[in-house]
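*Asks:* Got a structure for you, questions after.
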Amino acid sequence: MAIKDLFNRMSHAVSKATGQPITFALAVALVVVWAVSGPIFGYSETWQLVINTGTTIITFLMVFVLQSSQNRDGLALQLKLDELILAASKAENRFIGAEKLTDEEIRQLRDLCDSQKVKADAPKPRTKARTRSKRATAN
Numbered sequence: 001m002a003i004k005d006l007f008n009r010m011s012h013a014v015s016k017a018t019g020q021p022i023t024f025a026l027a028v029a030l031v032v033v034w035a036v037s038g039p040i041f042g043y044s045e046t047w048q049l050v051i052n053t054g055t056t057i058i059t060f061l062m063v064f065v066l067q068s069s070q071n072r073d074g075l076a077l078q079l080k081l082d083e084l085i086l087a088a089s090k091a092e093n094r095f096i097g098a099e100k101l102t103d104e105e106i107r108q109l110r111d112l113c114d115s116q117k118v119k120a121d122a123p124k125p126r127t128k129a130r131t132r133s134k135r136a137t138a139n
């Protein structure tokens, strides 16, 4: 098994497990046990080092797990949005893959969307043809 596949599987499993209420409860219980054991160990430097080292290692490793999870979720969201763009008949395909554009290209697309919104929100001029068709349907 490739290292990348192993990391992805472990990352997914850790992400799923750490998101559970029981995991939070276990972490709180561990901190309480550590705090209660303070007087037993005389609040020594070793006693403090145990929690400091443990939390530092866990935090360091969780950064990678969280980033992997966020990358996976972001990619899945982009794929779903791309599918919606493809399915919408009036959508412009140039928005597919917009997350890969430069900041300037994204700004240009944003400006385009803003100008299209202004046009879409502008009141439509009433024409005689529209007025006649409304009268015809009312009769």
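Numbering (UniProt numbering), first residue to last: 1 to 139.
We put the CB at the ideal spot given by N, CA and C, even for glycine.
Quick one: Cα of T18 to Cα of D114, how far?
*Replies:* About 41 Å.
*Asks:* Starting from the C-beta of I51, find all residues in its chain whose C-beta is less than 6 Å away, skip the five residues before and the five after it, and write them out in chain order.
*Replies:* W34, listed in sequence order.
*Asks:* Given this structure, state the Cα-to-Cα distance separating G38 from I58, to the nearest angstrom.
*Replies:* G38 and I58: Cα-Cα distance of roughly 21 Å.
*Asks:* Using only the alpha-carbon positions, how far apart do I3 and T55 sit?
*Replies:* Those two C-alpha atoms are separated by around 25 Å.
*Asks:* Measure the alpha-carbon distance for T127 versus E92 and round it to whole angstroms.
*Replies:* Using only the alpha carbons, I get a separation of about 29 Å.
*Asks:* Tell me the DSSP secondary structure of A98 in three-state form.
*Replies:* Reduced to three states, the DSSP call for A98 is helix.
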